[in-house]
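**Student:** Residue numbers (full-length UniProt numbering): 1 to 933.
Where is the CB? At the ideal position from N, CA and C, for every residue including glycine.
1) Can you tell me where the beta strand (DSSP E) with residue 465 in it begins and where it stops?
2) In whole angstroms, give me the CA-to-CA distance for residue 302 and residue 254.
3) Can you grab the Cα-Cα spacing for the pair residue 256 / residue 274, in whole Å?
4) Could you spell out where the alpha helix (DSSP H) holding residue 196 opens and where it closes?
5) How close, in whole Å, do the beta carbons of residue 663 and residue 712 come, if the pair is a contact with beta carbons under 8 Å?
6) Can you give the Cα-Cα distance for residue 821 and residue 620, rounded to whole angstroms?
7) Quick one: using the 10 Å Cβ neighbour count with 16 as the cut-off for buried, is residue 249 buried or exposed?
8) Starting from residue 51, trace the alpha helix (DSSP H) both ways and give me its first and last residue.
9) So residue 340 packs on residue 226, CB below 8 Å; how close in whole Å?
10) Go ahead and pull the three-state DSSP assignment for residue 524.
11) Hey, is the stretch 700-714 in contact with the stretch 612-630, meaning 3+ C-beta pairs nearer than 8 Å?
12) Roughly how many angstroms separate the alpha carbons of residue 314 and residue 261, rounded to a whole number?
13) Counting only runs that start and end within the stretch 302-390, where is the alpha helix (DSSP H) found for 4 or more residues in a row?
14) Let me know if residue 716 comes out buried or exposed under the rule of 16 or more other beta-carbons within 10 Å of its beta-carbon.
15) Should residue 49 be labelled buried (16 or more other beta-carbon atoms within 10 Å of its own) or exposed?
16) First and last residue of the alpha helix (DSSP H) that includes residue 649?
17) Using DSSP bridges, identify the partner residues of residue 689.
18) Whole angstroms is fine: what's the gap from residue 144's alpha carbon to residue 167's?
19) Ignoring anything shorter than 3 residues or poking outside the stretch 225-309, list the beta strand (DSSP E) runs there in chain order.
20) Pick out whichever of 479, 393, 582 has its Cα sitting closest to the Cα of residue 453.
21) Alpha helix (DSSP H) containing residue 94: first to last residue?
22) With H, G and I counted as helix, E and B as strand and the rest as coil, what does DSSP make of residue 699?
23) Between which residues of its own chain and residue 109 is the CB-CB distance below 7 Å, once the five residues before and five after are set aside?
24) Who does residue 736 pair with in a DSSP beta bridge?
25) Could you tell me which of 635, 674, 752, 557 sits nearest to residue 816, measuring between CA atoms?
26) Measure the C-alpha to C-alpha separation of residue 318 and residue 265 and round it to an integer number of angstroms.
27) Which residues in the same chain have their Cβ closer than 7 Å to the Cβ of residue 358, if we skip the five residues on either side of it in sequence?
28) Rounded to whole angstroms, what's the CA-CA distance from residue 241 to residue 596? Just pull it up for me.
29) Does residue 182 pass the burial test, meaning 16 or more other C-beta atoms within 10 Å, or should it be called exposed?
30) Quick one: is residue 601 buried, meaning 16 or more other Cβ sit within 10 Å of its Cβ, or exposed?
31) When the distance is taken between beta carbons, is residue 523 closer than 8 Å to residue 572?
32) Please give the ranges of any alpha helix (DSSP H) in the stretch 75-155, keeping only runs that are unbroken, at least 4 residues long and fully inside the region.
33) What is the DSSP secondary structure of residue 27, reduced to helix, strand or coil?
34) Can you name, in chain order, every residue of its own chain whose Cβ lies under 6 Å from the Cβ of residue 783, other than the five neighbours on each side?
35) From residue 221 to residue 19, what does the alpha carbon distance come to, in whole angstroms?
36) Is there contact between the stretch 324-332 and the stretch 508-519, where contact requires at least three CB pairs shorter than 8 Å?
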């Protein structure tokens, strides 16, 4: 009768068990974890097999698929495993079967397969219906003597038959073939080792049970991978072998290929062995991508020439390429060299434990002893039973006629014959049964001599068995003999080379990068364009494409060996090697900097500086919007991991941010513009070097604390003879002569210009009017154009009045003054300080300190100070027209002077002496002529 709804609800309610969910989850997950640890992912320390592998081998043994038997379809094997021992998915079982057949994953594959079994390129194996399998010859050692009951058996999943708990495993499979698996809370990564070495270590352990792990490590030198390669670092191997855990470095084996016509010329690199577990096709693709993307120069082509003879990856090099530098780079950036995690976790006594070399050998040896003892006991029992029967046969041979007569007279049943024999002739039940089962013609023709010989042999075998069981030394010799037979039959030379030479992680990119110049454009929105010299000269600036409302913020010819230092508004900095910039088309929008370095969405680039060397004492002045500032040294920015943003200035106020970063030389003034049209003009010496990059700095402008509405719009470093040019967001421009600006205190600013009625005075760009200053803007058509700003120098309007730009624009653009920092002058500290003291009031179009400026300023200070900038420049040209002077600056920004012109101590002294020989009266006359003009 159908139950009504109320009865059903009542029945369910009565059977509800109230229990804490946390306790239920803990219990159930604990059971699940135990199952996958013991029955799925972690191998047994005795035979080195996971349950699915053990069941596959046992099933194939039952199917009589020995190495001498014909192959059988893999699908047949998988079906037998599923139906009898392992009721799981067929794909997982087939994958485990294929894994045991792949010779690049195991030193000794346990299964031989016909058909496609995959490849080192990670190609999948053919479907199980196409492939055929049988046991490898060495697998017979894994299954040997199963019929002698040497291991315990347990019921299968449905109790219909029995399966072995562990295989006999007469060779150390766990160490020789290794294992890999991931369980709940545990993972294992056991590398393969050399069979001969492991057997030698086992024999050494048999002979000396107290042998140390250090002595064993001398025998087992380390992993021996089927793919060969080189293990770098002997100490790391010994640590891993002694602890069971560790990291070792595996690198590829290679050789250089030389030109047949010129044996000193390297034309390529051939990789002949790769690290264990590396997918070859991916490795080739990664190397090829490096060559295509031109991350390094020198690689012409990458060819995979692998065939049945072995791995061959040929890297063809360009003429003049540095092969040592290229292979070092590839070892660091690709899987030509990998770090392998040594984690020897296995099931020992039903518990997952971390095994070292000693404990792994102990687990194997204990199992080997148990298997052999069980086998000997089995043989001993069999020999004793046979001896008892043989003794009965010998007795029968003496009284055969009486026995035959007794059998004829007894009842027809077998049981009656057995009882009659036992009662009359005192045979044991076993003997009587054996006699009763004989045919009469055999009884009548029994050869007593033959049975006497068999009895003698059985007694010897029984004695040998007892000796092995009772004499420890004899038993150990028996094991050693067994192991040596396995070694002699199956061992092979070590494939993996052990080297004490470690992989050098330092890469000299200058050896890998083609030395060439190119033009680099950086936009305010963070896009970059790398333009070759050829493309630059063959295109018009008006066709240069930009993102809408974006504008060029930095532009200069840079060298591929240089580094670019970026500062951002969030107080961060990062460094990009120039060779990492990718080539761009002139009319493309370019690529974003975030494709190289990850930036936050609100992060904007505020300053870009090219650095050819960190061997320099240059300082930077960093200033925030709220008036905090600090001076830091260039060398503080040098770091090995450059493709990450790092802090160069921290802020306590969320409203604060970094305004700019300027080059300092300790002799300039800081021109600081506020958002209300006022300015500060203070000495750089207010700031001292030595503050940490992560520090906020000092409050340089004290008045900003009293007036929270005031903020720093921008700042630059200026000298007495500089002109400052200012551009607003609304398109107004103005130039000031710094010699006419009043110095201020840190607390009291001065008025620079009269604010306009509408709010369009926001600072767009601020610069010093140097000869290499450019001004780029975007016109109303969205095209990039260069504006001639020099007219502003002739402006005679009042200092406080701004001029409107005489062009229509979408974006008023930016002043661009590229800054380049070169290598420090090689002169001693005393002379450097002496020269710096002479560099008061210098003027130079490239912001560099030169000895000739110092002498002219020192000798004619009274006359020069009355000259304007152009007159001083003309004087400089006259006084040095016949002398080629070296550069002695540490702050260099001159694209026209190469590195070879950097002064040494001797060259500076020599040139100064030449300048001093100039007729002073002649120069004074030239000054008067200039004044008259």
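**Tutor:** Put simply:
1) By one-based count along the chain shown, residue 465 stands at place 465. No beta strand (DSSP E) holds residue 465; the alpha helix (DSSP H) holding it covers 448-470.
2) Taking the chain shown and counting its residues from 1, the one referred to as residue 302 is at position 302. Taking the chain shown and counting its residues from 1, the one referred to as residue 254 is at position 254. Using only the alpha carbons, I get a separation of about 14 Å.
3) Translated into the one-based positions of the chain shown, residue 256 becomes position 256. Translated into the one-based positions of the chain shown, residue 274 becomes position 274. Looking at the two C-alpha atoms, the distance is approximately 16 Å.
4) Stepping through the chain shown from its first residue, residue 196 is reached at position 196. 195-207 is the span of the alpha helix (DSSP H), which, as asked, contains residue 196.
5) In the chain shown, counting from the first residue as 1, residue 663 sits at position 663. In the chain shown, counting from the first residue as 1, residue 712 sits at position 712. With 8 Å as the limit, residue 663 and residue 712 do not qualify as a contact, their Cβ atoms being about 18 Å apart.
6) If you number the chain shown from 1, residue 821 lands on position 821. If you number the chain shown from 1, residue 620 lands on position 620. One C-alpha to the other measures close to 11 Å.
7) Translated into positions along the chain shown, residue 249 becomes position 249. So residue 249 counts as buried.
8) Reading the chain shown from its first residue, position 51 is the one you call residue 51. Taken as a continuous stretch (DSSP letters only), the alpha helix (DSSP H) holding residue 51 covers 51-62.
9) Within the chain shown, numbered from 1, the residue matching residue 340 stands at position 340. Within the chain shown, numbered from 1, the residue matching residue 226 stands at position 226. The pair is not a contact, with the Cβ atoms about 14 Å apart (cut-off 8 Å).
10) Along the chain shown, read from residue 1 onward, the residue named residue 524 stands at position 524. Here residue 524 sits in coil by DSSP.
11) Contact between the stretch 700-714 and the stretch 612-630 is present, with at least three C-beta pairs closer than 8 Å.
12) Taking the first residue of the chain shown as 1, we reach residue 314 at position 314. Taking the first residue of the chain shown as 1, we reach residue 261 at position 261. For residue 314 and residue 261, the gap between their C-alpha atoms comes out near 19 Å.
13) Taking only runs of at least 4 residues, the alpha helix (DSSP H) segments lying wholly in the stretch 302-390 are 323-333.
14) Walking along the chain shown from the start, residue 716 turns up at place 716. Per the 10 Å Cβ criterion, buried.
15) The residue labelled residue 49 in the question sits at position 49 within the chain shown. By the 10 Å Cβ count, residue 49 comes out buried.
16) Residue mapping note: residue 649 aligns to position 649 of the chain shown, counting from 1. From DSSP, residue 649 is part of no alpha helix (DSSP H); its letter is neither H nor E.
17) Locating residue 689 in the chain shown gives position 689, counting from the first residue. According to DSSP, residue 689 bridges with 631.
18) Translated into the one-based positions of the chain shown, residue 144 becomes position 144. Translated into the one-based positions of the chain shown, residue 167 becomes position 167. Going by the C-alpha atoms only, they are around 9 Å apart.
19) 230-232, 245-251, 253-258, 266-273, 299-304
20) Within the chain shown, numbered from 1, the residue matching residue 453 stands at position 453. Looking at 479, 393, 582, the one whose alpha-carbon comes closest to that of residue 453 is 393.
21) Taking the chain shown and counting its residues from 1, the one referred to as residue 94 is at position 94. Here the alpha helix (DSSP H) through residue 94 covers 90-99.
22) Here residue 699 corresponds to residue number 699 of the chain shown, with the count starting at 1. Of the three classes helix, strand and coil, the one that applies to residue 699 here is strand, per DSSP.
23) Within the chain shown, the letter at position 109 stands for residue 109. The residues are 100, 101, 102, 103, 136.
24) Numbered from its first residue, the chain shown carries residue 736 at position 736. Bridge partners of residue 736: 724.
25) What you label residue 816 is simply residue 816 of the chain shown in a count that begins at 1. Checked all of 635, 674, 752, 557; the closest Cα to residue 816 is 557.
26) Here residue 318 is taken as the residue at index 318 of the chain shown, counted from 1. Here residue 265 is taken as the residue at index 265 of the chain shown, counted from 1. Rounded to the nearest angstrom, the two C-alpha atoms are 11 Å apart.
27) Translated into the one-based positions of the chain shown, residue 358 becomes position 358. Answer for residue 358: 213, 216, listed in chain order.
28) As a first step, residue 241 is located in the chain shown; it is residue number 241 there, counting from the start. As a first step, residue 596 is located in the chain shown; it is residue number 596 there, counting from the start. Taking the straight line joining both Cα atoms gives about 40 Å.
29) Residue mapping note: residue 182 aligns to position 182 of the chain shown, counting from 1. Residue 182 comes out exposed.
30) Position 601 of the chain shown, counted from the first residue, corresponds to residue 601. With fewer than 16 other Cβ atoms within 10 Å, it is exposed.
31) Here the question's residue 572 lines up with position 572 in the chain shown. Here the question's residue 523 lines up with position 523 in the chain shown. No, the pair does not count as a contact, with Cβ atoms beyond the cut-off.
32) 90-99, 139-143
33) As a working note, residue 27 is residue 27 in the chain shown. Three-state result, residue 27: helix.
34) Numbered from its first residue, the chain shown carries residue 783 at position 783. Excluding sequence neighbours, residue 783 sits near 542.
35) As a position in the chain shown, residue 221 is number 221, starting the count at 1. As a position in the chain shown, residue 19 is number 19, starting the count at 1. Rounded to the nearest angstrom, the two C-alpha atoms are 55 Å apart.
36) yes
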